[in-house]
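Structure, as structure tokens:
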Amino acid sequence: MGVIMETKDVTVSFGGHVAVDQVSVQILERKFTSIIGPNGAGKTTFFNLLSGQMKPTNGSIYFKGADVTKRSATERTRLGIGRSFQITNVFPNLTVFENVRLAVQSQAKVRYQMFAHFNQYKQFQEKTDEILALVFLQDKANSLAMNLAHGEKRKLEIAMLLALETELLLLDEPTAGMSLEEVPAIIDVIHEIKQQGNRTIVLIEHKMDMIMGMSDEVLVLYHGELIAKGTPNEIVHNEIVQSAYLGGGG
Amino acid sequence: MNIQNLEKSTWFYLCITLLLFILPMVITERSLQFIIIQIFIFGIFAMSYDLLLGYTGIISFGHVIFFGLGAYTTGIALDRLGATIGSLVIGAFIGVLLAAFVSLLVGMLTLRLKSHFYAMLTLALSGLFLVAAEKWRPMTGGNDGFTFRLPDIIREPNHLYILCLIFFVLIFFGLRRLTNSPFGKVLMAIRENENRTTSLGYKVVYYKVIASIVSGVVASLAGVLYALSLRFVNTGVFATDLTIDVLLMTIIGGVGTLIGPIIGAGLVELAHHWLSSLADVHWIFERWIILYGTLYILVVIFFPLGIIGTIRSKLAGRNK
Ligand SMILES: Nc1ncnc2c1ncn2[C@@H]1O[C@H](COP(=O)(O)OP(=O)(O)O)[C@@H](O)[C@H]1O
Ligand SMILES: [Mg+2]
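Chains as they are written, first to last, in this note's numbering: chain A, 1 to 250; chain B, 1001 to 1320.
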């Protein structure tokens, strides 16, 4: 089983506060890995390190065997690391369709084409339609992103990530801030991606029950440290996790 | 938006173009023709500005640099090399080249900065150009400027009108295509959310630099035509007033569109003309700048998104 991404002792601190503390993990190719931990544990910060939004104070990061510690976010996206954001991060005054098409277009070789009308690129339109169908957003294609309900924005976020066709998907709390009725639809989408079987998925979630059924491996962060890793079953029965996290009312 | 829609609007614009070509036969009065020529020129200038402000979200206070470069190189070439089409082409070409070079340089040095730094730096830089033009008297004639003769073929006002109209139309359709291209959509993405654009894998700085080069080149062409229309250049082409004018035109008409800046240019030019001619009626109109300010405030109150933007959102609201 190949390792797609690996961190060695990555640490990042903000002023005196250590948000991620010497974390070493291996993300296995085509597996479903979940990261759990209470609020403020450093999960999003850890993703920022993987995707290049932040640089570690210490330690190094490898993607497919190559050291990417110093690579920018743009470069890492091109290498195959895609991520969604916990706080919805889309293009508010563009339509849902345009949002996704921008992601599709970024994978094509026409990034700087300025003399051709975008309608000429039928393949972009088709791909965009395909992805919108996958996340059940076809009906909203022509709405402005700013007019979507919260749950729909989350789906749009995932659609843009899928369009990047990266091997690795980093999903940061895709159900954050959703109403209960909206959650199952997102779970369906994630199941659908998992079913396709050609991607490696890393999911941050602090709702334990949601990820137990899906995950191959679970990593537990607590105060910036990796305190446990294992199968969902091992994690549920892990004493350190229970006292630190589950027992703590989380 | 679908193709049918676009074709319809293209037809519409082509009809307008045709009307504009016929216009000088209907409106033969020189002073009116002059105003329309100014509207074409400032329409071009304002469109180029909106490519930065409205499409890419870059705030520049130094856009006159490119306008001024085009105006000076044209004036100097016609003055020194003689009033021929050859020297006009040379002057315009050098203006465009300089504009491209300066915008490339400024872009590479500063577009990585936060937007307010960029705004301040461009303002300072335009001040630098203004001072340089004042001091380099042997070349520029300083504050007083200099007059020059036009090549015979465009001394006929109708011909100058047609020349300006041709540039206006070509630039309009060119920018329209650019803003509807894959490249143009990335510019809008940058305006909307720069970080997100980066994380989609776009190299944002390249896009900004390319946009500012295109915008600078177009602005320099406006400057070329401006010099031709006045047969005179002075340091006014680098003045901050002009920056404010183009900002107003873009905002009044509606940012993020091409028609908006054109309409804005028309309104501002007409307001200039009309309000200053009212001075004969009553002395208060001599203070036309006050009225102009009042007019601007009224527009901002009643058309918060600019004229085109407000109409669009009204139409969109009705369709819901
Ligand atoms: N940019 C930042 N500057 C300063 N502190 C930060 C920054 N980002 C995160 N933190 C801090 O780091 C800790 C971990 O945050 P985060 O990674 O968002 O946690 P999680 O996603 O697990 O809820 C928190 O204490 C947070 O306040
Ligand atoms: Mg988080």
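Each residue gets a CB set at the ideal place from its N, CA and C atoms; glycine is no exception.
What is the C-beta distance between residue i and residue j, in whole angstroms, given that I count them as a contact (C-beta under 8 Å)?
i: L1097/B; j: F1238/B; result: The pair is not a contact, with the Cβ atoms about 18 Å apart (cut-off 8 Å).
i: I36/A; j: H223/A; result: Wrong, their Cβ atoms sit about 14 Å apart, outside the cutoff.
i: A66/A; j: V96/A; result: 35 Å between Cβ atoms; not a contact.
i: G1062/B; j: L1123/B; result: 6 Å
i: H50/A; j: M5/A; result: In the sequence as presented, His is not what sits at residue 50/A; that position holds Leu. The Cβ separation is near 7 Å, so the contact holds.
i: G1141/B; j: N1234/B; result: 7 Å
i: R83/A; j: S1199/B; result: 7 Å
i: T1243/B; j: S1103/B; result: Between S1103/B and T1243/B the Cβ distance is about 15 Å, and since that is not below 8 Å, they are no contact.
i: P184/A; j: I158/A; result: No, P184/A and I158/A are not in contact; Cβ-Cβ is about 14 Å, not under 8 Å.
On the DSSP letters alone, give me the boundaries of the beta strand (DSSP E) that residue i sits inside.
i: Q107/A; result: Neither: Q107/A is in no beta strand (DSSP E) and is coded neither H nor E.
i: S1181/B; result: Counting along the chain, S1181/B falls outside any beta strand (DSSP E), and DSSP gives it neither H nor E.
i: T1153/B; result: According to the sequence provided, residue 1153/B is Ile. The question's Thr does not apply to it. Premise fails: I1153/B is in no beta strand (DSSP E) and is neither H nor E.
Which residues share a DSSP beta bridge with residue i?
i: L28/A; result: V3/A
i: T200/A; result: L168/A
i: A228/A; result: V220/A
i: Y62/A; result: E6/A, D67/A
i: H17/A; result: F14/A
i: I35/A; result: I204/A, L219/A
i: T1147/B; result: F1232/B
i: V23/A; result: V10/A
In angstroms, rounded to a whole number, what distance separates the CA positions of residue i and residue j?
i: A1100/B; j: I1213/B; result: 5 Å
i: G250/A; j: R1312/B; result: A caution first: G250/A carries a pLDDT of 42, below 50, which makes its placement in the model unreliable, though a value can still be read off. Roughly 49 Å separates the two Cα atoms.
i: S60/A; j: E165/A; result: 25 Å
i: L1315/B; j: L1248/B; result: 24 Å
i: G16/A; j: L219/A; result: 25 Å
i: N48/A; j: I81/A; result: 11 Å
i: I186/A; j: L226/A; result: 27 Å
i: Q138/A; j: S34/A; result: 29 Å
i: I211/A; j: Q195/A; result: 15 Å
i: I1039/B; j: V1300/B; result: 21 Å
i: L1105/B; j: T7/A; result: 39 Å
i: G1068/B; j: T200/A; result: 55 Å
i: L156/A; j: F1066/B; result: 40 Å
i: T77/A; j: V104/A; result: 13 Å
i: I1190/B; j: Y1055/B; result: 9 Å
i: T231/A; j: K31/A; result: 12 Å
i: R1149/B; j: G1095/B; result: 18 Å
i: E29/A; j: N198/A; result: 9 Å
i: Y1206/B; j: R1196/B; result: 15 Å
i: K229/A; j: R1176/B; result: 55 Å
i: L1270/B; j: I1035/B; result: 8 Å
i: Y1012/B; j: F1042/B; result: Checking the sequence shown, residue 1012/B turns out to be Phe, not Tyr. Each residue's alpha carbon lies about 22 Å from the other.
i: A116/A; j: D9/A; result: 48 Å
i: T1017/B; j: R1231/B; result: 26 Å
i: I131/A; j: F118/A; result: 18 Å
i: N39/A; j: T1310/B; result: 43 Å
i: V1246/B; j: M214/A; result: 57 Å
i: K122/A; j: A108/A; result: 12 Å
i: H1159/B; j: G1253/B; result: 28 Å
i: T69/A; j: T57/A; result: 10 Å
i: K153/A; j: A1133/B; result: 52 Å
i: F1172/B; j: A163/A; result: 33 Å
i: L1020/B; j: E182/A; result: 55 Å
i: D129/A; j: A145/A; result: 16 Å
i: N1193/B; j: L1221/B; result: 31 Å
Over the uninterrupted alpha helix (DSSP H) stretch that includes residue i, give me the two end residues.
i: Y1207/B; result: 1204-1230
i: Y1049/B; result: 1030-1050
i: G1253/B; result: 1240-1253
i: L180/A; result: It is not in any alpha helix (DSSP H) - L180/A carries neither H nor E in the DSSP assignment.
i: S243/A; result: Note, S243/A: premise wrong, no alpha helix (DSSP H); not H, not E.
i: M160/A; result: 150-163
i: S1276/B; result: 1259-1277
i: F1303/B; result: Careful: F1303/B lies outside any alpha helix (DSSP H) and carries neither H nor E.
i: T1140/B; result: 1137-1140
i: E1194/B; result: 1194-1199
i: F47/A; result: 43-51
Taking 7 Å as the cut-off, does the CB of residue i come closer than this to any heavy atom belonging to ligand 3?
i: E173/A; result: With respect to small molecules bound, the structure shown includes ligand 1 and ligand 2 and not ligand 3.
*Contiguous alpha helix (DSSP H) assignments of at least 4 residues, all confined to the region 1064-1124 of chain B*: 1064-1081, 1085-1110
*Unbroken alpha helix (DSSP H) runs of length 4 or more, entirely within the region 74-145 of chain A: which are they?*
96-105, 122-134
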